[in-house]
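The sequence shown begins at 0 in numbering that gives the first Met the number 0 and counts up one residue at a time.
Take a look at the structure below.
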Amino acid sequence: MSEQAALLNLPEPAEMRDWATENGILILAHSYQDGFLQEAAHFVGDSLELARQAAAADAKAICFCGVHFMAETAKILSPEAEVFIPDMAAGCSLADSCKAEDLIAYQEHLTTKLGKRPVTIAYVNCTAAVKAACDIICTSGNARQVVESIPGDQPILFVPDRHLGGWLNETLGRDMILWNGACEVHELFSVETLREQKAAHPGAIVISHPECPKPVRDESDHILGTAGMLKLVKASAGETFIIGTEANMIYRFEKEAPQNTYLPAPGASCACNLCPHMQRNTPEKLWAALHNRGPQVEVAPEHMDAARRSLERMLAII
Ligand code: 13P
Ligand code: SF4
């Protein structure tokens, strides 16, 4: 029996998964969840893969190990399913930074100022109400293709992550108007300590998430979403990687690409960065959620159709 399951007096992750299967529940987990939850899941992925899984799922119930906006996305794409989350308070600083009413007021202001309504692209890390108020969604895995699908002469408002939006502007030569939101986890990487770490590990390859601020991106060899990172490390052998994203990602790398060495990029005041919201989901809460079939995530009926349209436009592109 694993130490964690024994200490918590819980079933092993595989036993939880089997129990969920027998009870008609599909467990989805984001790669930022801890190893136990990843092992308990039927499918582990990035935001895009999880949205695709939810859209394709014919499950009557989905237990989403991730944060609230991800579970909402699953509910929007699979409205007939009961969708629940181990901890209802698992939020996201990016989603919190963009309130739908503020977005709508800003869209109106820009329409008057520009004489033309901008296309609004929303990073998937936003509420259902924001998804309903935007034109199309993107994730870290398809953001470039989504932006490129919009004609170059069309003004674009990109919400809510200013770092991802800034990186897209830089690399695609666009001039999108950026909302002033940021991920509290990726903002905490420190460029000074990253430089020290690079000096201590000559030859190490730095991969960082586009949610990182520009000074950190500029010190990196590759800027990739979590699925892109996994693809790169699986295709490499004998390398040392410094990982500029949520540190639980390393669990997946070590499991699926053990031929390399992984070092978490340091935070401003700690050895690695963990998302406090993702960490709210624990093995105990997962086990309880499976039994309670809750707490359930609901989406306001008035946001359902418009939010699904924005997500489906994205899924049609890539
Ligand atoms: P991806 O899985 O799309 O890279 O997202 C990272 C993230 O911050 C999720 O909250
Ligand atoms: Fe939100 Fe950042 Fe946590 Fe992802 S890592 S859920 S963007 S706070």
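Ideal placement from N, C-alpha and C gives every residue a C-beta, glycine not left out.
Quick caveat: nothing in here was measured; it's all calculated off a predicted structure.
Check	Outcome
Cβ pair S96, W178 closer than 9 Å	yes
Pocket of ligand 1 defined by Cβ to heavy atom distance under 5 Å	D45, S46, T138, S139, G224, T225
Closer than 8 Å: S92 CB and nearest ligand 2 heavy atom	yes
Close-in-space but distant-in-sequence residues of the same chain around Y261 (CB under 7 Å, 5 per side omitted)	F240, I242, I249, F252, E253
Close Cβ partners of H41 (< 8 Å) along its chain, the five nearest in sequence each way excluded	R16, A19, T20, L25, I26, L27
Contact test: C274 Cβ vs ligand 2 heavy atom, cutoff 8 Å	yes
Three-way DSSP call (helix, strand, coil) for E169 in this model	helix
Residue span of the alpha helix (DSSP H) that contains I75, given as start and end	67 to 76
Buried/exposed call for P85, threshold 16 Cβ in 10 Å	buried
Runs of beta strand (DSSP E) wholly within the stretch 143 to 203 (minimum 3 residues, chain order)	155 to 158
Contact check, V82 vs V296, beta carbons under 9 Å	yes
From P294, P12, L7, residue whose alpha carbon lies closest to that of I61	P294
Inter-stretch contact at 8 Å, needing at least 3 Cβ pairs: the stretch 137 to 149 / the stretch 90 to 108	no
Which listed residue (F68, I75, A199, Y105) has its alpha carbon closest to that of M87	F68
Stretch-stretch touch, CB-based, cutoff 8 Å, three pairs: the stretch 182 to 197 with the stretch 101 to 108	no
Coil, strand or helix - L262 by DSSP	strand
Residue ranges of each alpha helix (DSSP H) within the stretch 242 to 316, 4 or longer	248 to 255, 282 to 291, 300 to 316
Proximity to A198 [Cα-Cα], best of A264, A13, H302	A264
Ligand 2 heavy atom lying under 8 Å from the CB of E297	no
Cβ-based neighbour list, S309, same chain, cut-off 8 Å, excluding 5 preceding and 5 following	A121, K130, A131, C133, D134, I135, I136
S46, DSSP secondary structure in three states	helix
Span of the beta strand (DSSP E), counted from its first residue to its last, around L25	24 to 29
Y250 Cβ short of 8 Å to ligand 2 heavy atom set	no
Check: N124 C-beta below 8 Å from any heavy atom of ligand 2	yes
Exposure of T111, with buried meaning 16 or more beta-carbon neighbours within 10 Å	exposed
Cβ distance (whole Å) where P127 is taken to contact E71 below 8 Å	First, the amino acid is wrong: residue 127 is Ala here, not Pro. Indeed, because the Cβ distance is near 5 Å, the residues count as touching under 8 Å.
T119, DSSP secondary structure in three states	strand
Any non-hydrogen atom of ligand 2 within 8 Å of V184 CB	yes
heavy atom of ligand 2 below 8 Å from M87 C-beta	no
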